[in-house]
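Residue numbers (my numbering), protein chains in the order written: chain H, 13 to 398; chain W, 13 to 398.
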């Protein structure tokens, strides 16, 4: 009979909402959890066994975390990969692997890797000078998407250049070449979908029901599951998702965002080597949530069923526009009166406009019904500052 | 728009598995939690915001808990009710109410209350002397169930007297009249079922799908949901359950254990004013678990749907016979390989024979299938001492 893997201590770099939701699953099986996060009262603080209050680039603290943990994972990809690579070479278990993280951190390297392996991605090129952007415009046509290769999230680090005359503005907005830049062919897609998958240490891969994402100002607003796509698109997307996860020899949850065009082409957009906002629906909507399977994967336990329990819609609860300060939540009570609404309040002390403060999930017999209720509920909840 | 009830601080007397599972739900909405428990590393310790390490009868500590909390609840009914009554009269919110608790703590008083309200219970009488037991035997016939009126659980405090000749043994086993005793007509029931219900502060009552319980040596082994009962029995049981909850003007979860006889009579056996072992299936098996609804109820939030997601079977994981000491868990990995098995490891440091160390839940298309898998999984998991 096996050793008790639930005795493995899990170190998490980051104590935000993703860390918090991992811990809520891990604690069901009594895992011991250490987090590293610079914010004393971060969302995961009160449910972690230990909290190292330190910056994410504090190598000494990351080494301390490694010393206390049997396995290290992370809840966001903008961390220094060198120290993780060193630790891995010293024999520490780090999942997903630093090699996967290093590739994913750089969007250009990510796209090149996919291209090398004949995985469908939009046309793209490295950009150093304004002249390079002009060449990209000539090659791809306008609009052209200008992106920082590293560090971007929630639309930060992206600039859509609609015509030649906007090249200078875009170039300046993204740091005048101080950051690594790339230009991409603009894909006039019909839908953005998420393929969520998880790979165990033994190589077993499971994929989740595909979700369809709506953004507002580049921030995810809603994910509907199942996505309204044809069977053929679904099979193609799942196949691609699985190929990406195998390509990285990943361990844990990966989210692969894809575009579906009007003529039903599926293109890989970006990969996140961690539980993803578009997979939050899985807590209520599937048999085993993305957080539960991530914990199982990185600790070497077998993966759980990803079957959809009911059609599900997740909506983010964002900090109100024009309001910054100590977070005040209103309307949760009214929202909970609506059928099958579940509210997740991350407990962030400070709100800012469009900061992800929480989310809600609605399950229903149809995705349309869930979406109507979710939309109604999210209008009721307001998080503003003092 | 309403005030933010998720800012209410919840005090829980008891930091065992029930407290732990309450907290795992409460933390999704970011409630602040203080527990009172004498065991430093009790199951709820690592996920509570504060832990008052104190005995359950430590009035000063209970007062300290009240001072820190906006609402107090408890995870077991064997606590001194006087201090709770005092605190309530001083204006503290205590749910379920001390009055309900006082009645429920005394099994005789509980049964008398039901009789007064024409709710069906087995025949019973107060017992002080051996002579009284003889009278009960003459009146009810043998076997007769002798019970301590207070303090019993998991079969402790019960003695089945099969004939007149066993009266002395039973009387001695239960303390020779030092404890309050009662004698009950023995009900040769076909099934034992649990009606779980929850009442909000506004009087709203929801009931859960009825579960069917199997005991071994008076300890709950398995709960299957839905119970294999006729529609008529189901309606009768739900009606009775609702009447009991309204009778106590309860706030929070109540579990009403009932007997179903061969001729389909339904009798109320016992009530627990708290989340109950037979309701653990609701974490995976219903839209809103008993723990989530308990938290919603006591904080004044609207209750959630209790719809069954899938047929579900819960099995307890008990400490191995003949083994006491630091708990060693084996076989979780093997159990998780079986379809839809979820393991809850309470994290108790010390195991004893038949101690409730964890449970597992299986959902499936039929209750028979779930039961087969649950039985197989529970044979794989062993918790023994050093």
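Glycine included, C-beta positions come from ideal geometry on N, C-alpha and C.
Taking the beta carbon of residue 357/W as reference, the chain H residues within 8 Å of it are 18, 40, 41 and 42, listed in sequence order. Interface annotation for the stretch 309-326 of chain W against chain H: 312, 313, 314, 315, 316, 317, 319, 321 and 322, criterion Cβ-Cβ distance under 9 Å. Inter-segment contact for the stretch 135-142 of chain W and the stretch 187-203 of chain W is present: three or more beta-carbon pairs are separated by less than 8 Å. Residue 335/W is positioned such that its CB atom lies no closer than 9 Å to that of residue 293/W.
Using beta-carbon distances, residue 342/H counts as an interface residue toward chain W, with a partner under 9 Å. Residue contact with chain W for residue 368/H: absent (no Cβ-Cβ distance below 9 Å to any residue of chain W).
Take the alpha-carbon of residue 229/W and the one of residue 43/H: they are about 31 Å apart. CA-CA distance, residue 161/W to residue 58/H, rounds to 40 Å. By the Cβ criterion, the stretch 57-73 of chain W is in contact with the stretch 20-31 of chain W, since at least three pairs of Cβ atoms, one from each stretch, lie closer than 8 Å.
For residue 272/H, no CB of chain W lies under 9 Å from its own CB, so it is not counted at the interface with that chain.
Straight-line measurement puts the Cα of residue 31/W at about 25 Å from the Cα of residue 373/H. Excluding the 5 residues flanking it on each side, residue 396/W has same chain C-beta neighbours closer than 7 Å at 332, 335, 340 and 363, in chain order. Bridge pairing for residue 224/W: 205/W and 236/W [DSSP].
Cβ proximity to chain W below 7 Å picks out 36, 39, 40, 41 and 42 from the stretch 23-57 of chain H. Below the 7 Å Cβ cutoff, chain H contributes 58 as neighbours of residue 61/W, in chain order. The Cβ atoms of residue 108/H and residue 316/H lie no closer than 9 Å to each other. Restricting attention to beta strand (DSSP E) runs no shorter than 3 residues, the stretch 122-152 of chain W encloses them at 136-139, ordered along the chain.
Closest in alpha carbon position to residue 273/W, among 254/W, 248/W and 284/W, is 248/W. When DSSP states are grouped into helix, strand and coil, residue 281/W belongs to the strand group. Closest in C-alpha terms to residue 81/W, from the list 120/W, 204/W, 226/W and 310/W, comes 310/W.
Contacts with chain W at 9 Å (Cβ-Cβ) include residue 375/H. Going by beta carbons, residue 358/H and residue 302/H fall outside the 9 Å limit. Nearest CB-CB separation between residue 300/W and chain H: below the 9 Å threshold. Here residue 157/H is bridged, per DSSP, to 172/H and 196/H. Counting C-beta atoms within 10 angstroms of its own C-beta, residue 236/W has 16 or more neighbours from the protein chains shown and is therefore classed as buried. Taking 9 Å as the threshold, the shortest C-beta distance from residue 221/W to chain H does not fall below it. Contact of residue 391/H with chain W is not assigned, every C-beta pair being separated by 9 Å or more.
Close partners of residue 352/H in chain W (Cβ separation under 7 Å): 299 and 317.
The three-state secondary structure of residue 372/W, taken from DSSP, is strand. Within the stretch 245-257 of chain W, not one residue has a Cβ closer than 8 Å to any Cβ of chain H.
Taking C-alpha positions only, residue 168/H is separated from residue 130/H by approximately 28 Å. Scanning its chain for C-beta atoms nearer than 6 Å, with the 5 sequence neighbours on each side dropped, one finds around residue 370/W the residues 329, 356, 357 and 358, in chain order.
Contact between the stretch 197-210 of chain W and the stretch 146-156 of chain W is present: 3 or more CB-CB pairs across the two stretches fall below 8 Å.
Here residue 266/H carries a strand assignment [DSSP, helix/strand/coil]. When DSSP reads this structure, residue 62/H sits in a beta bridge with 46/H. In terms of CA proximity to residue 180/H, 145/H leads the group 77/H, 226/H and 145/H.
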